[in-house]
Amino acid sequence: MSYIPQRYMRRADFDTQDTMRHLLDFKAGRKYANKWAADLVARTLAPMDLTNTIIVCIPASSCLGKRSEVERRADQQAQVQAFLRKRM
């Protein structure tokens, strides 16, 4: 996936336009795009050795209504990490 500025998207090939559409929909919080992004990350990480690795995905939302949800999830992830560190 290479970067194409928005002003050149009209001339980009179908795959590039499709990827850009998925990225914009992911940023907008659309469910199908979230699944697409999760599958992409999973396929990328699958061949890697992730021993002793914790992956945390926290949405970077600027919506005021969602902010408390993001903070709650971040707190939960921090608690899980602290619990796992104590067990080691």
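Be aware that the sequence shown starts at 2, since it is given in the numbering used here, and climbs by one per residue.
Positions of the beta carbon are idealized from the N, C-alpha and C atoms, including for glycine.
The model shown is predicted, which means the values in this text are computed figures rather than measured ones.
Asked	Found
Runs of alpha helix (DSSP H) wholly within the segment 26-86 (minimum 4 residues, chain order)	32-46
Contact set for residue 23: own chain, Cβ-Cβ below 6 Å, skip 5 residues either direction	34 and 37
Option in 50, 27, 48 and 49 with minimal Cα separation from residue 39	27
DSSP-derived helix/strand/coil call for residue 4	coil
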